[in-house]
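These notes concern the structure reproduced below.
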Amino acid sequence: MNWRGELFGGPVRSVCTLALAALLGWIAWHAGAWAVVGAVFRPDAEACRALQHGACWGVVAEKWRAILFGRYPFDQQWRPAIAAAVLALLLLASAWPRCWRWGLLPAWAAGIGLFLLLMHGGAAGLESVPTGRWGGLALTIALATFALALAFPLGLLLALGRRSSWPVVRTLCTSYIELVRGVPLISVLFMASFLLPLLVPAGLQLDVFLRVLAGLALFTAAYLAEIIRGGLQAVPFGQMEAATALGMGRWQVQRDVVLPQALRMVVPALVNAVIGTLKDTSLVTVVGLFELTGALGLALGGDPVWRPFYLEGYLFLAALYWVMCFGLSRYGRWLERYVARQPD
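Shown next as structure tokens:
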């Protein structure tokens with residue numbers, strides 16, 4: 053791309069480029085003065101209250117454990133730290149093509165077992181911690197990971213069902229997708245948390261974490277189904293006819309011919325859905341689970357000393373979410389190029 057021509061290819065473009073550069077420079081200067089030059093980084097509430105024009109990053113230094121771990125017992129917070137690291141390592145391994153082997157499945161089974169043991173306890177000498185006290189980064193990663201793991205196969209089945217030649221299956225799948233996509237996620241979470249317990253016997257009550265996870269997975273599955281259906285429709289019908297003429301069965305055609313091409317074509321949309329699910333976990337605060345944003349509100353809401361500096365706390369959370377979402381976005385770009393190089 054010819055950057056000189058794009059930015060300075062004429063008087064109007066040159067003036068707009070210089071004006072935009074001056075505006076960005078002015079914003080950067082004042083933002084740097086507020087966030088760095090005049091900021092307080094130590095957990096000193098008196099120094100923060102004395103600030104005139106500067107950020108109080110001391111609130112992060114003072115409340116970082118409450119933000120990252122929520123209401124988890126203070127002396128046991130090493131457990132969610134390790135649990136979050138275990139899930140993060142499994143996700144990184146799953147993103148590396150060299151690890152795409154069947155051996156990854158038992159690794160995930162062991163990792164999930166270790167995560168639940170560390171978070172819940174009650175065995176191996178660990179103190180039992182109910183899911184209502186889980187929170188922070190570990191809860192955010194767990195909800196996003198488990199919800200996507202449950203939603204993807206369900207979304208795949210819904211997409212295939214919506215294209216089925218059986219009218220009953222097609223109608224049921226279409227009705228589910230349109231119904232779920234027609235309501236906001238917060239209503240699904242409310243129904244899973246407050247309405248579902250009223251519809252089942254008292255002895256069969258599910259844990260709040262499981263109810264929220266089920267609601268998030270069912271909601272995400274409807275959106276994944278439409279993404280996958282778009283990929284299925286993009287596969288030329290002639291390829292399915294040719295595969296059938298070669299003697300391949302219906303499911304073999306879907307497994308070996310249609311699905312590999314369909315999923316390859318919708319990689320960008322799938323990555324976008326993953327990022328959206330990660331950010332949607334912030335809504336679980338309304339039903340009593342305190343992930344990152346809820347943990348911040350909990351940490352500052354009951355402390356009048358640090359409550360005035362909520363802006364810096366939310367900027368810290370925004371930076372955390374940006375790192376995770378930007379990393380997913382860059383990985384999605386790489387994965388898109390990687391699958392494009394693979395032979396059909």
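Using the working numbering, the first residue of the sequence shown is number 53, and each one after it goes up by one.
A virtual CB, placed ideally from N, CA and C, is assigned to each residue, including glycine.
Asked: Within the same chain, show all residues whose beta-carbon is closer than 6 Å to that of phenylalanine 121, passing over the 5 residues directly before and after it, in chain order.; Found: Gln129, Pro132, Gly188
Asked: With distances taken between CB atoms, is the gap from glutamate 364 to tryptophan 116 smaller than 8 Å?; Found: no
Asked: Based on DSSP bridge pairs, tell me the residues matched to glycine 188.; Found: Glu343
Asked: Expressed to the nearest angstrom, what Euclidean distance is found between the alpha-carbon atoms of histidine 82 and arginine 101?; Found: 20 Å
Asked: For aspartate 127, is the beta carbon positioned less than 7 Å from some heavy atom of the ligand MN?; Found: This structure lacks the ligand MN, and indeed carries no ligand of any kind.
Asked: Taking C-alpha atoms, which residue in Gly328, Gly234, Leu144, Val264 lies nearest to tyrosine 383?; Found: Leu144
Asked: So is isoleucine 327 buried or exposed if we call it buried at 16+ other beta carbons inside 10 Å?; Found: buried
Asked: Please tell me whether valine 146 and leucine 156 are closer than 8 Å, where the distance is taken between their beta carbons.; Found: The amino acid at residue 146 is misidentified as valine; the sequence shows serine. Yes.
Asked: Which term fits glycine 346, buried or exposed, when burial requires 16 or more other beta carbons within 10 angstroms of its beta carbon?; Found: buried
Asked: How about valine 260 and glycine 174: are their beta carbons less than 8 Å apart?; Found: no
Asked: Return the chain-ordered ranges of every alpha helix (DSSP H) run that is complete within the stretch 296-334 and spans a minimum of 4 residues.; Found: 302-305, 311-317, 319-332
Asked: Taking all protein chains shown into account, decide if glycine 22 is buried (16 or more other Cβ within 10 angstroms of its Cβ) or exposed.; Found: Because the chain spans 53 through 396 in this model, residue 22 falls outside it and cannot be assessed.
Asked: Compute the Euclidean distance between the alpha carbons of leucine 350 and tyrosine 124, then round it to the nearest angstrom.; Found: 12 Å
Asked: What's the C-alpha gap between cysteine 225 and glycine 267?; Found: 17 Å
Asked: Locate the alpha helix (DSSP H) running through valine 220, then write down its first and last residues.; Found: 219-233
Asked: Excluding the 5 residues flanking isoleucine 279 on each side, which residues of the same chain have their C-beta closer than 7 Å to its C-beta?; Found: Val318, Ala321, Leu322, Ala325
Asked: Does the structure place the stretch 333-344 close enough to the stretch 235-243 that three or more beta carbon pairs sit under 8 Å?; Found: yes
Asked: Could you tell me the distance, in whole angstroms, from the CA atom of arginine 215 to the CA atom of alanine 295?; Found: 18 Å
Asked: Nearest to tyrosine 228 by CA position, among Met171, Leu206, Arg316, Arg389, is which residue?; Found: Leu206
Asked: My guess is that leucine 344 and leucine 372 are in contact by the Cβ rule of under 8 Å, so how many angstroms apart are they, rounded?; Found: 7 Å
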